[in-house]
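Asker: With the working numbering, the residue at position 338 of the sequence shown is 407, and numbering never jumps.
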Amino acid sequence: MIGQTASLQGIFADRYDSDALLTYASAILQHANVPPQDAQTVARNLVLAELRGVDSHGLIRLPVYTRRLHANVVNARPLINVTRPFAAAALVDGDNGLGAVVGLRAMEVAMELAIGAGIGIAGVCRSNHFGVGAFYVEKAVNAGFIACAISNAPPNMAPFGGRERFLGTNPFAIGIPAGSPPHLIFDASSSVAARGKIIAAAKANQPIPAGWALDPKGIPTTDPHEALLGAVLPFGGAKGSAISFLIDVLSGVLTSAAFGPRLNTLENLKALQDVGHVMIAIRRDLFISTEEFNGRIKELFAMLTASPPVPGVERVLLPGEPELRAEAQNRELGISLSKEVVEELLDLGNRAGVTFPSQKSCM
C-alpha cells in the first residue's frame, strides 16, 4: 500500500493535524444526524486510513458517506440486532447503518464470544462500506486477541480472464498481538490497487500505473477516467481473483447479505448496499499459555526481520510495518491531503456550517 501511495505523491499538497481532522469529520457526520459516538467511530476509521497512508479509504470517502445519509439510503441511527445461533457464533443485523459502526459492534461481539468459547465469529448483514479493516483488528489486538476482518464490496473488479466487473475489491485484515506494541496489523484489498486510489488520481487528472485497471473494452489503461468506467484488476492474477471470490462467499453468501453483482455501489444514491462482513476473534491461550504465545510470536518476528535482505534493502519488514511507519510519521507531521480533496471537504463544511481545520504549522 505504501508503494501505491508513493506513486501518487505528486497529488499531495498540505498537511493537517489528525485530531483536527477527526473533530471535523465527526462534526460533519453529526450534522447528517449521526449520533456523536457513532460519528466519532466513523471519523476514527477514516482518519486511521489517512494515518496509515491508505488515502483511498480516508476522508475522500466522507462526502459520499454524507450524501448517502442525506439521501436516506443509509440509516444514521441503526438498531443493530445480534442473534447467537451457536456458542461461538453470532449474526449481526446492521439495520443499514454506517459500516464502521456496524463492523465495530460485530468485532466487539466476536471478542465477547471468544472470551468464553476461545474463538468468536460474527457474521454481518445489512451493513455498508466498512473502510479500513485495520480499524477492527486493531481494536481486538489491543485487547489481546488474534483477529481477522473481511468484507465484500460492490463489483468493481474483473475476475481473472474476464473484462467486466463481477468481483469486489474485497478486503481482508489480520491482527496478531505481540504481548507489547508494536503489534502486527496487516490490511489489504484483493485488487492490485484500491478503486479509491483511482478516484483520487481522476480528481487530480493524474495517470495511474500500468496494470491497475482495464477500460470498458477490457484493454489495460493508465487513464483513471477510463479505469473508473472499466474495471480494476485483482492482485496476483488468478490467486487474487480467487481470494476475492472466497471472501464474497464468506461475507455475502454465508451471512445472508448481498453478494456478487447484487451489491450496489456507494455512488448509487437510490439503493441500499447490504454489504456483508465477517469478524473473528481468537484467544491467544487457545492452545498454549498467553506467556508462551507472546514469547513464540516475538521469536518469529525477530527471525523474519533478521532474514538476509536483497541488495539495496536495509532489512526485511514485518507485514503491515510500512503502514505503522506511515502512521507514526503522519501523527507527527500531519496528514497530507490533495488540494482536490481539501476543496471537496471545504465545500462539505460550508454546506454543513462546519469549519475545516487550518494547515498544520511546519516546525
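All C-beta atoms in this analysis are idealised placements derived from N, C-alpha and C, irrespective of residue type, glycine included.
Please list the terminal residues of the continuous alpha helix (DSSP H) segment that includes S220.
Answerer: Start at 1 with the first residue of the sequence shown, and residue 220 comes out as number 151. Run containing S220: none in the alpha helix (DSSP H); it sits in the beta strand (DSSP E), F214 to S220.
Asker: Mind pulling the beta strand (DSSP E) runs of 3 or more residues that sit fully within the stretch 115 to 158?
Answerer: Whole beta strand (DSSP E) segments, 3+ residues: 150 to 155.
Asker: Give me the Cα-Cα distance between D213 and R353, rounded to the nearest whole angstrom.
Answerer: Locating residue 213 in the sequence shown gives position 144, where the first residue counts as 1. Locating residue 353 in the sequence shown gives position 284, where the first residue counts as 1. Per the sequence shown, residue 213 should be read as Gly rather than Asp. Taking the straight line from one Cα to the other gives about 7 Å.
Asker: How many angstroms separate the CA atom of E392 from the CA atom of S258?
Answerer: If you number the sequence shown from 1, residue 392 lands on position 323. If you number the sequence shown from 1, residue 258 lands on position 189. For E392 and S258, the distance between alpha carbons rounds to 14 Å.
Asker: Thinking just about the alpha-carbon of each residue, which of G122, I129, L167 and I184 is nearest to the one in H139?
Answerer: Sequence index remark: in the sequence shown, residue 139 carries index 70 (1-based). Closest option to H139, Cα to Cα, is L167.
Asker: Might you give, ordered along the chain, the residues of its own chain that have their beta carbon closer than 6 Å to the beta carbon of P426, omitting 5 neighbours on each side?
Answerer: Within the sequence shown, the letter at position 357 stands for residue 426. Answer for P426: Y85, A89 and Y93, listed in chain order.
Asker: What number of angstroms, rounded off, separates the C-alpha of P276 from the C-alpha of G187?
Answerer: Translated into positions along the sequence shown, residue 276 becomes position 207. Translated into positions along the sequence shown, residue 187 becomes position 118. Each residue's Cα considered, the two are about 48 Å apart.
Asker: Tell me which residue opens and which closes the beta strand (DSSP E) that M348 is part of.
Answerer: The count along the sequence shown starts at 1 and reaches residue 348 at position 279. Note, M348: beta strand (DSSP E), V344 to R352.
Asker: Which partner residues of Y85 appear in the DSSP bridge assignment?
Answerer: As a working note, residue 85 is residue 16 in the sequence shown. Note: Y85 sits in a beta bridge opposite I404.
Asker: So is I288 buried or exposed if we call it buried at 16+ other beta carbons inside 10 Å?
Answerer: Position 219 of the sequence shown, counted from the start, is the residue given in the question as residue 288. Flag for I288 reads exposed.
Asker: From what residue to what residue does the alpha helix (DSSP H) around L315 run?
Answerer: As a working note, residue 315 is residue 246 in the sequence shown. First-last of the alpha helix (DSSP H) with L315: A307 to D317.
Asker: Which term fits A75, buried or exposed, when burial requires 16 or more other beta carbons within 10 angstroms of its beta carbon?
Answerer: Residue numbering aside, residue 75 sits at position 6 when the sequence shown is read from its first letter. A caution first: A75 carries a pLDDT of 34, below 50, which makes its placement in the model unreliable, though a value can still be read off. Exposed is the call here.
Asker: Taking buried to mean at least 16 other C-beta atoms within 10 Å of its own C-beta, is V410 buried or exposed?
Answerer: To locate residue 410, count along the sequence shown from 1; it is residue 341. With 16 or more other Cβ atoms within 10 Å, it is buried.
Asker: Using only the alpha-carbon positions, how far apart do E383 and A157 sit?
Answerer: Taking the first residue of the sequence shown as position 1, residue 383 is located at position 314. Taking the first residue of the sequence shown as position 1, residue 157 is located at position 88. In a straight line, the C-alpha of E383 is about 43 Å away from that of A157.
Asker: Assuming A203 and A242 form a contact by the criterion Cβ under 8 Å, report the distance between their Cβ atoms to the nearest whole angstrom.
Answerer: Taking the sequence shown and counting its residues from 1, one reaches residue 203 at position 134. Taking the sequence shown and counting its residues from 1, one reaches residue 242 at position 173. Rounded, the Cβ-Cβ distance is 5 Å, consistent with contact.
Asker: From R136, D124 and T110, pick the residue whose C-alpha is nearest to that of G418; which is it?
Answerer: Position 349 of the sequence shown, counting from 1, holds the residue named residue 418. Out of R136, D124 and T110, R136 has the C-alpha closest to the C-alpha of G418.
Asker: By how many angstroms is the C-alpha of D256 removed from the C-alpha of P240?
Answerer: The sequence position of residue 240 within the sequence shown is 171, counting from 1. The sequence position of residue 256 within the sequence shown is 187, counting from 1. C-alpha separation (whole angstroms): 7 Å.
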